[in-house]
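Quick note: the sequence shown uses UniProt numbering, first residue 1, plus one each step.
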Amino acid sequence: MTLDRLSEFDAEPAEGKVIDGELAVTDDVLVKAFALGPGATIDPHEHGGATNVFHVIRGEVTVQQDDTEETIAAPGVVLNERGQAHGAHNHTDEVAVLTASLCPLPGQ
Numbered sequence: 001m002t003l004d005r006l007s008e009f010d011a012e013p014a015e016g017k018v019i020d021g022e023l024a025v026t027d028d029v030l031v032k033a034f035a036l037g038p039g040a041t042i043d044p045h046e047h048g049g050a051t052n053v054f055h056v057i058r059g060e061v062t063v064q065q066d067d068t069e070e071t072i073a074a075p076g077v078v079l080n081e082r083g084q085a086h087g088a089h090n091h092t093d094e095v096a097v098l099t100a101s102l103c104p105l106p107g108q
C-alpha cells in the first residue's frame, strides 16, 4: 500500500479520448485525475458553489477560462474560481495528465 493516490491511476487514452478516475472523495473535497489523449477535450463547464484547481502533472494542456486560453506545461497549477467557466484541451501528440480538486463539494 502507498499513500500516493495517483500511483494507481495508470491511463493511456487513445487519440481524442479522456480517461478519468476519482483519487479522493471526502465530505469536503473531490480529487479526480484526467488523462487526455492527443486532441482530447474536457468541455468547458462551471461549478457555481465550488472552487476547482487543476494540477497539470504530465505533458501540457491548453486551459480555457471564460474567454481566455493559456497553455500550461507540467508542473503547473490553475485556479478556477467558483462559477468561472473552465475546460482543457490537449493540442499535443502526447498524453497529458491533470488532477482536479473540487472544494467544497457541491451541496455541502
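Ideal Cβ positions, reconstructed from N, Cα and C, are used throughout, including at glycine.
Length of the line joining the Cα atoms of residue i and residue j
i: S101; j: N52; result: 5 angstroms
i: V95; j: G49; result: 30 angstroms
i: D93; j: G16; result: 10 angstroms
i: T68; j: N90; result: 16 angstroms
Closer than 7 angstroms: residue i CB and nearest the ligand ZN heavy atom
i: G48; result: For the structure depicted, the ligand ZN is absent and the ligand set is empty, with no information on it obtainable.
is_contact[residue i, chain D] using C-beta, thresh 8 angstroms
i: E22; result: Reference to chain D is not applicable here, since this structure consists of a single protein chain.
Sub-8 angstroms separation of residue i and residue j beta-carbons
i: T87; j: P44; result: Here the sequence assigns Gly to residue 87, which means Thr is not the residue at that position. Cβ atoms of G87 and P44: closer than 8 angstroms.
i: L79; j: V29; result: no
i: V63; j: E70; result: yes
Same chain, Cβ closer than 6 angstroms to residue i, five either side skipped, listed in chain order
i: V97; result: A35, I57, R58
Closest by C-alpha distance to residue i, when choosing among the options
i: A40; options: P75, Q84, F9, D20; result: D20
Residue(s) in a DSSP beta bridge with residue i
i: V61; result: I72
Beta-carbon proximity list for residue i, same chain, < 8 angstroms, skipping 5 on both sides
i: T99; result: L6, L23, V31, K32, A33, F34, F54, H55, I57
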